[in-house]
Amino acid sequence: MSKKARVTMPYPIGKQVPHSDLRGLVERVLKEVPVEFSENSTDLDVTVQADDLLRFVTGLRDRKELAFDFLRNISGVDFGEEGMALKYNFYSFKYGHALQVTVPLRAAGEPHPVVPSLDSLYPSANWHEREAHEMFGIDFEGHPNLKNLFLEDDLHIHPLLKSHPLQAAEILQGIESGPPGFTF
Amino acid sequence: MTTENAVATPAIQPYKPDFGAEPERLQPVDFPDAKAAYRIVLPGVIQTGADTVLAVSRKSSLWPMTFGLACCAIEMMGAFMSNHDLDRFGIVPWASPRQSDVMIVSGTVTKKMAPAVKLLYEQMPSPKYVISMGACATNGGPYTEYDRVLQGVDKVIPVDVYVPGCPPRPESLLDGMLALQRKIMEEKKMVG
Amino acid sequence: MSIWPEERVIAPGEAEFDTVDMTVNIGPAHPATHGVFRMVLTVDGELVVGCEPYIGYLHRGLEKLSENNDYRQAMGYWDRTDYLAGMACEVAYCMAVEKLGGIEVPERAEYIRVIMAELSRLNSHFMFLGAFGQDVGSFGTTFTWAWRERERIYDLMEEVAGDRMFPTYIRPGGVSMDLPENFEARCRWVLESARKGIDDFDKLLTGNEIFVERCRDLSPITPERAIALGLTGPMIRATGLPWDLRRAEPYSVYPELDFDIPVGLQGDVFDRYWVRLAEMYQSVRIIEQCLDKMPQGLVLNPDLPKTLRIESGECYVRYEGTKGEYGVYGLARGGNKPYRMKLRSPSFCNLSGLQEMVVGTYLADAIIILGSLDIVLGEVDK
Numbered sequence: 001m002s003k004k005a006r007v008t009m010p011y012p013i014g015k016q017v018p019h020s021d022l023r024g025l026v027e028r029v030l031k032e033v034p035v036e037f038s039e040n041s042t043d044l045d046v047t048v049q050a051d052d053l054l055r056f057v058t059g060l061r062d063r064k065e066l067a068f069d070f071l072r073n074i075s076g077v078d079f080g081e082e083g084m085a086l087k088y089n090f091y092s093f094k095y096g097h098a099l100q101v102t103v104p105l106r107a108a109g110e111p112h113p114v115v116p117s118l119d120s121l122y123p124s125a126n127w128h129e130r131e132a133h134e135m136f137g138i139d140f141e142g143h144p145n146l147k148n149l150f151l152e153d154d155l156h157i158h159p160l161l162k163s164h165p166l167q168a169a170e171i172l173q174g175i176e177s178g179p180p181g182f183t184f
Numbered sequence: 001m002t003t004e005n006a007v008a009t010p011a012i013q014p015y016k017p018d019f020g021a022e023p024e025r026l027q028p029v030d031f032p033d034a035k036a037a038y039r040i041v042l043p044g045v046i047q048t049g050a051d052t053v054l055a056v057s058r059k060s061s062l063w064p065m066t067f068g069l070a071c072c073a074i075e076m077m078g079a080f081m082s083n084h085d086l087d088r089f090g091i092v093p094w095a096s097p098r099q100s101d102v103m104i105v106s107g108t109v110t111k112k113m114a115p116a117v118k119l120l121y122e123q124m125p126s127p128k129y130v131i132s133m134g135a136c137a138t139n140g141g142p143y144t145e146y147d148r149v150l151q152g153v154d155k156v157i158p159v160d161v162y163v164p165g166c167p168p169r170p171e172s173l174l175d176g177m178l179a180l181q182r183k184i185m186e187e188k189k190m191v192g
Numbered sequence: 001m002s003i004w005p006e007e008r009v010i011a012p013g014e015a016e017f018d019t020v021d022m023t024v025n026i027g028p029a030h031p032a033t034h035g036v037f038r039m040v041l042t043v044d045g046e047l048v049v050g051c052e053p054y055i056g057y058l059h060r061g062l063e064k065l066s067e068n069n070d071y072r073q074a075m076g077y078w079d080r081t082d083y084l085a086g087m088a089c090e091v092a093y094c095m096a097v098e099k100l101g102g103i104e105v106p107e108r109a110e111y112i113r114v115i116m117a118e119l120s121r122l123n124s125h126f127m128f129l130g131a132f133g134q135d136v137g138s139f140g141t142t143f144t145w146a147w148r149e150r151e152r153i154y155d156l157m158e159e160v161a162g163d164r165m166f167p168t169y170i171r172p173g174g175v176s177m178d179l180p181e182n183f184e185a186r187c188r189w190v191l192e193s194a195r196k197g198i199d200d201f202d203k204l205l206t207g208n209e210i211f212v213e214r215c216r217d218l219s220p221i222t223p224e225r226a227i228a229l230g231l232t233g234p235m236i237r238a239t240g241l242p243w244d245l246r247r248a249e250p251y252s253v254y255p256e257l258d259f260d261i262p263v264g265l266q267g268d269v270f271d272r273y274w275v276r277l278a279e280m281y282q283s284v285r286i287i288e289q290c291l292d293k294m295p296q297g298l299v300l301n302p303d304l305p306k307t308l309r310i311e312s313g314e315c316y317v318r319y320e321g322t323k324g325e326y327g328v329y330g331l332a333r334g335g336n337k338p339y340r341m342k343l344r345s346p347s348f349c350n351l352s353g354l355q356e357m358v359v360g361t362y363l364a365d366a367i368i369i370l371g372s373l374d375i376v377l378g379e380v381d382k
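Chains as they are written, first to last, in our numbering: chain A, 1 to 184; chain B, 1 to 192; chain C, 1 to 382.
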């Protein structure tokens, strides 16, 4: 058994950081990046443009007052003709605060909207970005391996777009219309 | 020549064959135990038709290839375990397709997985049966509307028994296995 | 000259011996009971030098189908994600819907939810112990023992909720029905049996020389690397970091319950097993406290309309699932269907670190590392 000391959590566990404090902190530390703040039911949300994303996220990770070292989740959202968005959720193990970053993108279609990849900063982003690329058709530049994850390798459809249809459930299997004299 | 010249030759005797003494007639044999002779000479021997023997041996030792895909696999494992024991029916889960008799497709078959299902079915030697367990393997189940889901495993392999449920209780799977056993006994006179 | 043939043979050095790396496909259908997961390993003899995981053989469209179904109907897809712990996922999804719609949950319902979630956690960890023991070598003993306890918990769930695995008992706004009258006696009996079951596993595996030799010092991870890779749940607690969402970002009635967080020392396979075993004792403790503290009252919010319509809302609810951080990102934009519901699944994120953990170990060890991740493919493939 190794004699490594046990790691302890430095912040008081369970104490939630109020959103206004976190907003002030982000505004003060990363004042050079133009962002907009909003709040949702669980987190503070920051809207960043795709061009500023890499600078902003590097600041989130490297500035010691913020110390967001954990990228939890990357979700894509398709708003149809109004465009798309990518939602990143961050967490800090050092301070216990959580942040959501929204990146608005243009609507789905060819050519794909382009976002810088966070794989160089957070290895956990690797598979999340592959999933977002496959489901929504968002290109991540700088990603080492942007292949399909859930679908077959040669299939280039984007199932989670609102324009992608569902297939019809078969009511009578293999029979297009019922036998004569019978209506469903 | 006169009619007195009727020659007093003796008439030809009609032929009377000589059968000898009449043989003893066969009487019904009265065995006190009513057992066939071979059962007295060789006790422990049963005589039936060959098709019944083959059908009984096939149904009594069905080795399923556990093809557990999703949630139904958990209920299938529950059916194999001690609480709802399937081993008492001779059903032993066997992972290899080359040595198994029945393939229990339990779980959603996606279009990405369908070639593997077909390959595994073709790797099984005859006689082979397929039980489609759960709603997803029957017709796509709750996920039928998503376009990457195969609407029923019977689109790629022929199915013998469908077990409904989401997931079916282990007793339902047991009922499905017994139905398969009845089906095997019914088709015993079919060639091949 | 030695009499032993192996000492007489002169082994050629590395430079003179031509070797070829072999590709081993651990295919989508395999007896290791981990579901339809495919791994292509490049091996040099027995040493793994490359690993390429392929997932998606169970991609059933959870998120797409949730967008096309009512809030209550969509729950039927969410509890089939972690199919080893049915009701835990239902609690997570209902918490997300409640956050979106601002729905309150009565306190008795919260306690019932915690009991059901912790019973599901016991279920899932028993399955882990059974399957992991089978992977390491006890061919069927651990699996049968695990199922003995799981069947008892399933019977209890059936008495309470109606179905063994996916009862859709947890609803947005509470629980659908109250508990039966003999629930407390039955639950305490099941807990006592579960305690004895966990003790059985402890006595069989923890001190077992073969088990320890196989698992100790196999793919250790530091806490910093675990955070960077996105590992959560027992994986990160095994590295030594006492991070549990029930304590770090608490929800429901967990602040009023008293339980410990077991941690490991170096994040290797043995620690991951040990953390899960110790967590099971804590789950039993939590359920006993809930049985003592449960108040009387309603179990479902009475003001809920027949059709749940939510005008607007966005949330990211993080829930301590059985395998890690089960996150539900929800977005509502009017109507009775959610606009976007994304699952941040713990098994998906734990699995993304598999490549790094497996390269450099032997082929047999790669299988038990995969087993120690405790993945469930319903979550991974959504």
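Think of the CB as a built atom: it goes at the ideal place given N, C-alpha and C, for glycine as much as any other residue.
Thinking C-alpha only, which one of the options is nearest residue i?
| i | options | result |
| --- | --- | --- |
| S352/C | D69/A, H128/A, R55/A and G76/A | H128/A |
| G76/A | S41/A, E27/A, H19/A and A107/A | A107/A |
| E118/C | F132/C, V40/C, M157/C and E104/C | M157/C |
| D292/C | G45/C, E104/C, R148/C and E256/C | E256/C |
| G174/C | G313/C, D303/C and N25/C | D303/C |
| E75/B | R58/B, P142/B, E171/B and D147/B | E171/B |
| T142/B | C349/C, T81/C and D18/C | According to the sequence provided, residue 142/B is Pro. The question's Thr does not apply to it. Comparing Cα-Cα distances from P142/B to each of C349/C, T81/C and D18/C, the minimum goes to T81/C. |
| L122/C | I287/C, N350/C and A29/C | I287/C |
| V43/C | L363/C, E104/C, D381/C and D18/C | L363/C |
| Y83/C | S372/C, T361/C, S347/C and C51/C | S347/C |
| I184/B | S57/B, R25/B and P28/B | S57/B |
| L60/A | D78/A, L99/A and P113/A | L99/A |
| A55/B | H84/B, Y121/B and P127/B | P127/B |
| K64/A | E134/A, A169/A, K94/A and S120/A | K94/A |
| G142/A | L121/A, L161/A and G24/A | L121/A |
When the distance is taken between beta carbons, is residue j closer than 8 Å to residue i?
| i | j | result |
| --- | --- | --- |
| L44/A | L30/A | no |
| S106/B | L69/B | yes |
| L65/C | V36/C | no |
| G313/C | L100/C | yes |
| K118/B | I91/B | no |
Quick one: is residue i near chain C, going by C-beta distance under 8 Å?
| i | result |
| --- | --- |
| P116/A | no |
| S124/A | yes |
| T48/B | no |
| P10/A | Only weak support is given to the placement of P10/A: the predicted model assigns it a pLDDT of 49, under 50, and the question is left unresolved by the model. |
| D62/A | no |
| T138/B | no |
| V105/B | no |
| Y26/A | It is worth fixing the name first, because residue 26/A is Val in this sequence and not Tyr. No, its Cβ sits nowhere closer than 8 Å to a Cβ of chain C. |
Taking only beta-carbon positions, decide if residue i is within less than 8 Å of chain A.
| i | result |
| --- | --- |
| N350/C | no |
| C44/B | Checking the displayed sequence, the identity of residue 44/B turns out to be Gly instead of Cys. So no, G44/B is outside the interface. |
| R88/B | no |
| G267/C | no |
| E122/B | no |
Checking the sheet assignment: what are the DSSP bridge partners for residue i?
| i | result |
| --- | --- |
| I12/B | DSSP output for I12/B lists no bridge partner at all. |
| D139/A | V114/A |
| Q100/A | D45/A and N89/A |
Give the interface partners of residue i over in chain F, defined as CB-CB distance under 8 Å, in chain order.
| i | result |
| --- | --- |
| L160/A | Looking for chain F here will not work: the only protein chains present are A, B and C. |
Kindly say whether residue i, judged by its beta-carbon, lies nearer than 8 Å to any beta-carbon of chain B.
| i | result |
| --- | --- |
| E131/A | no |
| L151/A | yes |
| T183/A | Bear in mind that the predicted position of T183/A carries a pLDDT of just 36, short of 50, making it unreliable; the figure below should be weighed with that in mind. It does not; no Cβ of chain B falls within 8 Å. |
| L119/C | no |
| T144/C | yes |
| L58/C | yes |
| E151/C | yes |
Can you give me, in chain order, the residues of the stretch 59–85 of chain B that have a beta carbon less than 7 Å from any beta carbon in chain A?
Within the stretch 59–85 of chain B, no residue has a Cβ that lies closer than 7 Å to any Cβ of chain A.
Residues, ordered as in the chain, of the stretch 164–186 of chain C that lie near chain B by beta-carbon distance below 9 Å
Going along the stretch 164–186 of chain C in chain order, one finds R164, M165 and F166 with a Cβ nearer than 9 Å to chain B.
Using a Cβ cut-off of 8 Å, which residues of the stretch 59–90 of chain C contact any Cβ in chain B, in chain order?
The residues in question are H59, R60, G61, K64, L65, N68, G76, Y77, R80, Y83 and L84.
Identify each residue in the stretch 208–240 of chain C for which the Cβ-Cβ distance to at least one residue of chain B is less than 7 Å, and report them in chain order.
Of all residues in the stretch 208–240 of chain C, none places a beta-carbon less than 7 Å from a beta-carbon of chain B.
Please list, in chain order, the residues of the stretch 140–163 of chain B that have any C-beta partner in chain C closer than 7 Å.
Along the stretch 140–163 of chain B, going in chain order, the ones with a CB nearer than 7 Å to a CB of chain C are P142, Y143, E145, Y146, R148 and V149.
Taking beta-carbon pairs under 7 Å, can you tell me which members of the stretch 34–64 of chain A lie near chain C?
Going along the stretch 34–64 of chain A in chain order, one finds N40, S41, T42 and D43 with a Cβ nearer than 7 Å to chain C.
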